[in-house]
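Let me begin by presenting the structure, written as C-alpha cells, before commenting on it.
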Amino acid sequence: KDRVIIHEHVIIGSDGFGFVRAEDGRCEKFEHIGNVLLEDDVEIYPFCNVDRATLGTTRIRRGAKLDHYCHIGHNCEVGKDTLLTAGVVLCGGSQVGDRCWLAVNTIVKEKTKVGNDVVVGFGGVVMKDVPDGETWAGSPAEEIRSLAGRRGFLKRLHQQATLQ
Numbered sequence: 676k677d678r679v680i681i682h683e684h685v686i687i688g689s690d691g692f693g694f695v696r697a698e699d700g701r702c703e704k705f706e707h708i709g710n711v712l713l714e715d716d717v718e719i720y721p722f723c724n725v726d727r728a729t730l731g732t733t734r735i736r737r738g739a740k741l742d743h744y745c746h747i748g749h750n751c752e753v754g755k756d757t758l759l760t761a762g763v764v765l766c767g768g769s770q771v772g773d774r775c776w777l778a779v780n781t782i783v784k785e786k787t788k789v790g791n792d793v794v795v796g797f798g799g800v801v802m803k804d805v806p807d808g809e810t811w812a813g814s815p816a817e818e819i820r821s822l823a824g825r826r827g828f829l830k831r832l833h834q835q836a837t838l839q
C-alpha cells in the first residue's frame, strides 16, 4: 500500500491470543491463519502490535494512526482517519468506525462496535457498542451526557446531606 509508515519495534501479523480448553483442562493453542491489511496513509508508531486474524483479515483503514504501545487484537477493524492514542487496546473482533479519537489507555472489549465520529476519554473501558457521534468516558465507559447527569445528581445529594 502507498504512504504507509511503520516505525521501529512494531509487530504486524503476530498470532492472536487464542486458546481452547481441552477436555482434560489444558489450554491448547488455536491457530490464527488469517492476515493483516494496512490501507493507504496508515501510520503506526513504535511498540504497537497488530495481530493477524484467526480467519479473514485484521484491517487498518486508510489514514488511521496508531500511537505508541497500541494493541490491535485479531479480527479487529480500525476505521478511516481514526486516531488511536498511546496505549489503546482493541480486544479481538472489536471494530472502531471512521474519524474516531480514542484517548490514552482506552480499552475496547472483544466483539464490541464503536461507531463513526466517536470520542472516548482517557482510560475509557468500552464494554458495549457505541452509537455514531457520541462522546464516552469512564470505567465502564458511558455516554458523557448520562455520566454528567449522574455526577450532577450526586453533587446535589452531597450538598443536601451536608446542609443537614
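The letter at position 148 of the sequence shown is residue 823 when you use the working numbering, and the numbering goes up by one with no holes. Just so you know, even glycine gets a beta-carbon here, dropped at the ideal spot from N, CA and C.
Buried or exposed (CB count within 10 angstroms, at least 16 for buried), residue i
{"i": "residue 814", "result": "exposed"}
{"i": "residue 700", "result": "exposed"}
{"i": "residue 689", "result": "exposed"}
{"i": "residue 742", "result": "buried"}
{"i": "residue 817", "result": "buried"}
{"i": "residue 775", "result": "buried"}
CB-CB length for residue i against residue j, believed under 8 Å
{"i": "residue 761", "j": "residue 744", "result": "6 Å"}
{"i": "residue 804", "j": "residue 791", "result": "In fact, because the Cβ distance is near 12 Å, the residues do not count as touching under 8 Å."}
{"i": "residue 754", "j": "residue 732", "result": "The pair is not a contact, with the Cβ atoms about 14 Å apart (cut-off 8 Å)."}
{"i": "residue 726", "j": "residue 747", "result": "6 Å"}
As assigned by DSSP and simplified to three states, the class of residue i
{"i": "residue 708", "result": "coil"}
{"i": "residue 820", "result": "helix"}
{"i": "residue 688", "result": "strand"}
{"i": "residue 808", "result": "coil"}
{"i": "residue 724", "result": "strand"}
{"i": "residue 736", "result": "coil"}
{"i": "residue 746", "result": "strand"}
{"i": "residue 788", "result": "strand"}
Whether residue i touches residue j by CB criterion (9 Å)
{"i": "residue 767", "j": "residue 788", "result": "no"}
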